[in-house]
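**Student:** Residue numbers (the working numbering): 325 to 666.
Beta carbons: idealized from backbone N, C-alpha and C, even for Gly.
Just so it is clear, the structure is predicted and the values come from calculations on it, not from any experiment.
Just passing along the structure, written as structure tokens.
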Amino acid sequence: MTQIIDSFVLLGNKVKDKINQFNLDNPSAFEKAVVQSQQENGWFTRENIFDALTAIADNLTEEKLQKWLSAYEIPVKEPKNVGLIMAGNIPLVGFHDFLSVLVSGHRAVVKLSSSDKRLLPLLAQWLIEFDGTLKEKIIFTDKLSEIEAVIATGSNNSARYFEAYFGKYPHIIRKNRNSVAILSGNESQDELAALGKDIFSYFGLGCRNVSKLYVPENYDFDQFFKAIYDPFKDIIYHNKYANNYDYNKAIHLLDRVPLLENGFVLLKEDVSLHSPVAMLHYEYYQSTDAVNNQLSMLQDKIQCIVSEDETIENALPFGKAQKPELWDYADNVDTLEFLKSV
325 MTQIIDSFVL
335 LGNKVKDKIN
345 QFNLDNPSAF
355 EKAVVQSQQE
365 NGWFTRENIF
375 DALTAIADNL
385 TEEKLQKWLS
395 AYEIPVKEPK
405 NVGLIMAGNI
415 PLVGFHDFLS
425 VLVSGHRAVV
435 KLSSSDKRLL
445 PLLAQWLIEF
455 DGTLKEKIIF
465 TDKLSEIEAV
475 IATGSNNSAR
485 YFEAYFGKYP
495 HIIRKNRNSV
505 AILSGNESQD
515 ELAALGKDIF
525 SYFGLGCRNV
535 SKLYVPENYD
545 FDQFFKAIYD
555 PFKDIIYHNK
565 YANNYDYNKA
575 IHLLDRVPLL
585 ENGFVLLKED
595 VSLHSPVAML
605 HYEYYQSTDA
615 VNNQLSMLQD
625 KIQCIVSEDE
635 TIENALPFGK
645 AQKPELWDYA
655 DNVDTLEFLK
665 SV
């Protein structure tokens, strides 16, 4: 167990060093992987790739890994081949599953997303340099065969396909989820700017990105717009984001749907949790009790809740949605417990 922890700690340190030493004039495999990722996926800016890598590296400390793993009896006695079907919505979105499979003692059989196929193989290569025994434990493949369990992440549509193909194996199949923010109206400008990170990081494409606001009656949106303007206004200069902004604005104006906007994000009153890129939904609430009740009924559709209001249940502080701890499991499904049981 100590060796695998040491290897991931070394990986975290190497990732941080590589980001700090990033140099396109003298590119190593790291620079090449980052540039290729940017070229192959227009949503993967260098900033987003670095943010994802930094969030991973921040978790790969001996202290955090020990704290997380101390609750489990691992490694397993009989290693299995665990298929991992990776999503490609944000960089390295499946890294936690990859980490979980390896620390539990199983073999990771990884099917990468075509949208994100450069970064994880490089991290795996570094891991193998730190611990040669991992070479037998990490397999990248285009076709999952000879697997004994599956963890798959995708859309609601792909989840139906995964169920049909992999339902016979022990499995975790993740579908679309969204995240929400609850505002009281008493937030400071700094708190609202932190909320902006939860909304705009990765262009809002992650299941941990906030796609809907719950606000009190008569909420002053000017405060919100003012706080997010300077930190995030340049997002509109990204071509794919701007295209979504222009398209959604045009469609809603044609349909005479009322919108609030500030030049780079559209706000629409809508009960739906999911909002398109460059748009946020909002809904008014009358009491936090009512919000807690509604969120409880929607819990299988919500990934995380952010709020500075202490009466909101299970809420993270603003700015933390895309920085989960190792023990913050997607969909509240304990991946390590699952891997122990297969």
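Among Leu447, Ser424, Cys531, His562, which residue has its Cα nearest to the Cα of Gln362?
**Tutor:** Locating residue 362 in the sequence shown gives position 38, where the first residue counts as 1. Comparing Cα positions, the closest option is His562.
**Student:** Considering Val358, what are the terminal residues of the beta strand (DSSP E) in which it resides?
**Tutor:** Here the question's residue 358 lines up with position 34 in the sequence shown. That residue, Val358, is in no beta strand (DSSP E); its alpha helix (DSSP H) goes 353 to 364.
**Student:** Output the distance between the C-alpha atoms of Gly407 and Leu389, rounded to the nearest integer angstrom.
**Tutor:** The sequence position of residue 407 within the sequence shown is 83, counting from 1. The sequence position of residue 389 within the sequence shown is 65, counting from 1. Rounded to the nearest angstrom, the two C-alpha atoms are 23 Å apart.
**Student:** With a 10 Å radius around its C-beta and 16 neighbouring C-beta atoms as the bar for buried, classify Met603 as buried or exposed.
**Tutor:** By 1-based counting over the sequence shown, the position of residue 603 is 279. By the neighbour-count rule (16 or more Cβ atoms within 10 Å), Met603 is buried.
**Student:** What do you get for His598, buried or exposed, if any count of 16 or more other CB atoms within 10 angstroms of its CB means buried?
**Tutor:** Sequence index remark: in the sequence shown, residue 598 carries index 274 (1-based). His598 should be labelled exposed.
**Student:** Per DSSP, what are the beta-bridge partners of Thr477 in this structure?
**Tutor:** Taking the first residue of the sequence shown as 1, we reach residue 477 at position 153. Bridge partners of Thr477: Arg498.
**Student:** Exposed or buried, Leu578, counting other C-beta atoms within 10 Å across all chains shown (16 or more means buried)?
**Tutor:** Position 254 of the sequence shown holds residue 578. By the neighbour-count rule (16 or more Cβ atoms within 10 Å), Leu578 is not buried but exposed.
**Student:** Using only the alpha-carbon positions, how far apart do Phe332 and Asn586 sit?
**Tutor:** As a position in the sequence shown, residue 332 is number 8, starting the count at 1. As a position in the sequence shown, residue 586 is number 262, starting the count at 1. Their backbone Cα atoms lie some 43 Å apart in a straight line.
**Student:** What separation, rounded to the nearest whole angstrom, lies between the Cα atoms of Ile343 and Phe374?
**Tutor:** Along the sequence shown, read from residue 1 onward, the residue named residue 343 stands at position 19. Along the sequence shown, read from residue 1 onward, the residue named residue 374 stands at position 50. Computed Cα separation, rounded: 7 Å.
**Student:** Which same chain residues, not among the five before or five after Gln610, have their C-beta less than 7 Å away from its C-beta?
**Tutor:** Within the sequence shown, residue 610 is the residue found at index 286, counting from 1. Closer than 7 Å at the Cβ level, and outside the excluded window around Gln610, lie Glu541.
**Student:** CA-CA distance, Phe454 and Glu593?
**Tutor:** Position 130 of the sequence shown, counting from 1, holds the residue named residue 454. Position 269 of the sequence shown, counting from 1, holds the residue named residue 593. Distance between the alpha carbons of Phe454 and Glu593 is about 52 Å.
**Student:** Under DSSP, the beta strand (DSSP E) around Phe332 begins and ends at which residues?
**Tutor:** Along the sequence shown, one-based indexing puts residue 332 at 8. No beta strand (DSSP E) contains Phe332, which is instead part of the alpha helix (DSSP H) from 326 to 344.
**Student:** Measure the C-alpha to C-alpha separation of Gly530 and Asn350 and round it to an integer number of angstroms.
**Tutor:** As a working note, residue 530 is residue 206 in the sequence shown. As a working note, residue 350 is residue 26 in the sequence shown. Near 32 Å, if we compare the C-alpha coordinates of Asn350 and Gly530.
**Student:** Could you name the residues of the same chain whose beta carbon sits closer than 6 Å to that of Asp655, not counting the 5 residues immediately before and after it, in chain order?
**Tutor:** Stepping through the sequence shown from its first residue, residue 655 is reached at position 331. So the list reads Arg498, once near-sequence residues are dropped.
**Student:** If you reduce the DSSP assignment to three classes, tell me which class Glu637 lands in.
**Tutor:** Against the sequence shown, residue 637 aligns to sequence position 313. If DSSP states are grouped into helix, strand and coil, Glu637 belongs with coil.
**Student:** Can you tell me whether Pro415 is buried or exposed, with buried defined as 16 or more other CB within 10 angstroms of its CB?
**Tutor:** Position 91 of the sequence shown, counting from 1, holds the residue named residue 415. The residue in question, Pro415, is buried, as its Cβ has 16 or more Cβ neighbours within 10 Å.
**Student:** Alpha carbon to alpha carbon, how far is Glu460 from Asn567?
**Tutor:** Sequence index remark: in the sequence shown, residue 460 carries index 136 (1-based). Sequence index remark: in the sequence shown, residue 567 carries index 243 (1-based). For Glu460 and Asn567, the distance between alpha carbons rounds to 44 Å.
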